[in-house]
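Structure record follows, encoded as structure tokens.
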Amino acid sequence: MAKRILMVLCLVLIYSNNSMAQTALGSEFTYQGELEFNNTVAEGVFDFKFVLFDAQDDGSGANLGNLTVEDVQVTQGVFTTQLDFGSSVFVGDKIWMEINVRQGALTGGFQQLLPRQEITSTPYAIHAQFVGADAVTGIEIQNGSIMNVDLASNSISSNNIITNAVGSNEIAANAVGAVELADSAVDTGAIQDDAVTSAKIASGSVGSSEIISSQVQRRVSQTSDNGFYLRGINEDGSTICQQLPFGIHTTVDSNDNTGFFTDIAINPVTDLAIISYFEVDQVNQVGSLNTLACANVSCTTGTIQILESNLMVFTGFNLFERQTSIVVRSNGMPIVAYYDPSTLDLKIYDCSSNNCSTGTVRILDSIGDVGQYASIAIRSNDLPIISYYDATSVGNLKLYDCSTTTCSSGNIRQLTTDADNNAGQYTSIAIGVNDLARISFYHADLNRLDVYNCANTSCTSGGYLGLTDALQGNQGKYSSIQFHPNGNSFFISFFDDRSNNAEIDRMKVIFCNNLSCDNKVESLTDEASHPTGQYTSMAMRPNGLPIISYYDQADQDLKVYDCTNNVCSSGIVRTLDDLGAQGLFTSIAIGNDGLPIISYYDFQVGHLKVYKCGDSRCKY
């Protein structure tokens, strides 16, 4: 069956008029041909399948796309149809089209018509393919006719833009942002002198990450605290400060009659000191338990918190009782043990913040008159343990063993017997190796210093021994106990009150070589020819040499004893504050900078003060 197809290319004219709405051209085109069937002009309905190839010969080349058009009307052999192979086929290369046909009433296969037909160009399409350089200029492009959606990514590079072709007039405001600029795309050679002014820089657009700190000094953002001097400024604007090489004393709470019974501890989280103390209202005979959280290592400023108010009913001032004791748990939360004279109870304040701005008051022992001379320590498991004096009957040393870190529960233990009589005043507790506690106290009935040795961590068993000779007079008031860094040997400072025996009152130190104190060394510290040595407080320096703060009641000065050997049998006395009646209720701690810091009461004006030593020995 001989078949013949005649391909006729039709020229389609696109008419453009600026006054009319314009519609973009698609990829569809019109195909017209003539079909003969059995040497006779075809008539009727036929189905066509058009296939594009990149080769002329039958059976060769790649299939570039195919399209089936059904029910095409053929009249006197002539037919016309619309074909659309998409925009990605006709890219300038030669293409041949294979045509297959079948009668419209059939559903079987198609008959291929040979040969393949070449798709040729129309005259203006030829012109478009060979547009010369500079043939399209700005005159041929209407303003706004090319938008960013008309440009493929990376279609325009620096090679396509001549020098000075794009000026500020060609760039709309905010058209170029950081995402439009490649790294290192703009260097100093591309920026004219004075081209970038403050008006061109948005607020906050240049920060520390945009500044090379080795070339530009950042704004100085810090100052030096009181007691420090400025040594330099870092590239980032932070200051390099160093403590002045001498001690400074600062009034940290200047309310009237504030600073009684101070105790000081170092917070392991903030590395700053925190102080517990009482403030007294003499007119109304009441007071409050306070804390001061230091704001810097020298404690020249701090935050005062009132933990419990209207709790102290004073019928007189017993200035010999130490009634607050503070420690800080490993999470940075302090806990304060204290005696409430209004209710005669042992209490604790469980702080739930680093500066004790929040917390809970808990009564631990309320049976009788209990809680005087409270002293608190923390074991390695963060469980507090508190020694205190029970003045209810004959007077006994007691202990509260907290079973939770907040002391919400625990056990009360009486450590001395009723036969001891007045044993347990001026207690001080410390934790040694294996969490074994040692408690120093004054045995008033025997006029001596005693130490209680706990046999286990809960102190459910143990015993005490006398460290001084009762025949020598009143010894053991204002005791302070500290373990050597080895956790096995320990020191106790105390007041040797010989006034009843016409002797001079002095401060002494006892060194015990082991937990049982099998061997001890007793030493006289301040050998002044007048009474001295009340309110002793001992801290252990990292080198194993204690340092002791105390009150010289004759000179009315704050002093320290700087031990110079391992048993504290020798040392140096130093006066830190001699402004008159300075140093009552002293408490000393070693800061994380290795320097001692002391809280005390200024009796002359009734204020809480702090002394920060300029070196580890308080020489300066």
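My numbering applies: residue 182 is where the sequence shown begins, and numbers increase by one.
Where a beta carbon is used, it is the ideal one built from N, C-alpha and C, also for glycine.
**Cβ-based neighbour list, residue 469, same chain, cut-off 6 Å, excluding 5 preceding and 5 following** = 460, 487 and 490
**Request:** Figure out for me which residue from 227, 432 and 591 has the closest Cα to the Cα of residue 257.
**Result:** 227
**Message:** Please state whether the Cβ-Cβ distance between residue 631 and residue 648 is less than 8 Å.
**Reply:** yes
**Item:** Contact between the region 655-665 and the region 716-725 (3+ Cβ pairs under 8 Å)
**Value:** yes
**Message:** In the DSSP output, what is residue 556 paired with across the bridge?
**Reply:** 568
**Asked** What is the DSSP secondary structure of residue 369, reduced to helix, strand or coil?
**Response** helix
**Request:** Can you have a look at residue 400 and say buried or exposed, based on whether 16 or more other CB atoms are within 10 angstroms of its CB?
**Result:** exposed
**residue 747 and residue 714 closer than 8 Å at C-beta** = no
**Request:** Could you spell out the range, first to last residue, of the beta strand (DSSP E) harbouring residue 655?
**Result:** 655-664
**Request:** Within the same chain, show all residues whose beta-carbon is closer than 6 Å to that of residue 532, passing over the 5 residues directly before and after it, in chain order.
**Result:** 514, 515 and 540
**Prompt:** Among the residues of its own chain, which have a CB less than 6 Å from the CB of residue 482, if the five just before and after it don't count?
**Reply:** 476
**Message:** Any heavy atom of the ligand HEM closer than 7 Å to the beta-carbon of residue 369?
**Reply:** Inclusion of the ligand HEM in the displayed structure is not the case, the ligand content being empty and no account of it being possible.
**Message:** Rounded to whole angstroms, what is the Cα-Cα separation between residue 695 and residue 669?
**Reply:** 5 Å
**Request:** Taking residue 553 as the reference, give the member of 534, 561, 522 and 233 with the closest Cα.
**Result:** 522
**Runs of beta strand (DSSP E) wholly within the region 439-520 (minimum 3 residues, chain order)** = 439-447, 454-462, 467-475, 483-490 and 505-509
**Request:** Note down the Cα distance separating residue 362 from residue 368, rounded to an integer number of angstroms.
**Result:** 11 Å
**C-beta atoms of residue 793 and residue 765 nearer than 8 Å** = no
**Message:** I'd like to check one pair, residue 657 with residue 706: are the Cβ atoms closer than 8 Å?
**Reply:** no
**Asked** How should residue 216 be labelled, buried or exposed, when 16 other C-beta atoms within 10 angstroms of its C-beta is the threshold for buried?
**Response** buried
**Message:** Could you compute how far the alpha carbon of residue 701 sits from the alpha carbon of residue 727?
**Reply:** 16 Å
**Prompt:** residue 351 by DSSP, collapsed to three states: which one?
**Reply:** helix
**Request:** If I'm right that residue 265 touches residue 209 with Cβ under 8 Å, what's the distance once you round it to whole angstroms?
**Result:** 4 Å
**Request:** Name, in chain order, the residues that DSSP records as bridge partners for residue 626.
**Result:** None; residue 626 has no bridge partner.
**Asked** Roughly how many angstroms lie between the CA atoms of residue 380 and residue 326, to the nearest whole one?
**Response** 33 Å
**Asked** If residue 544 sits next to residue 506, beta carbons under 8 Å apart, how far is it from one beta carbon to the other, in whole angstroms?
**Response** About 16 Å separates the two Cβ atoms, so there is no contact after all.
**Item:** Proximity to residue 671 [Cα-Cα], best of 698, 355 and 659
**Value:** 698
**Asked** Can you round the beta-carbon distance between residue 734 and residue 712 to whole angstroms, since I take them to be within the 8 Å contact cut?
**Response** 5 Å
**Item:** Beta-ladder partner(s) of residue 522, from DSSP
**Value:** DSSP lists no partner for residue 522.
**Neighbourhood of residue 691 by C-beta, 6 Å cutoff - its chain only, sequence neighbours within 5 removed** = 648, 673, 701 and 703
**Item:** Collapsed DSSP secondary structure at residue 592 in the structure displayed
**Value:** strand
**Request:** For residue 419, count neighbouring Cβ atoms within 10 angstroms of its own Cβ and tell me buried if that reaches 16, exposed if not.
**Result:** exposed
**Message:** Per DSSP, what are the beta-bridge partners of residue 612 in this structure?
**Reply:** 618
**Message:** Going by beta-carbon coordinates alone, are residue 781 and residue 790 separated by less than 8 Å?
**Reply:** yes
**Message:** Please report the distance separating the alpha-carbon of residue 593 from that of residue 650.
**Reply:** 30 Å
**Request:** Given a cut-off of 8 Å, decide if residue 590 and residue 578 are closer than it, judged by their beta-carbon atoms.
**Result:** no
**Message:** Please list the terminal residues of the continuous beta strand (DSSP E) segment that includes residue 789.
**Reply:** 788-793
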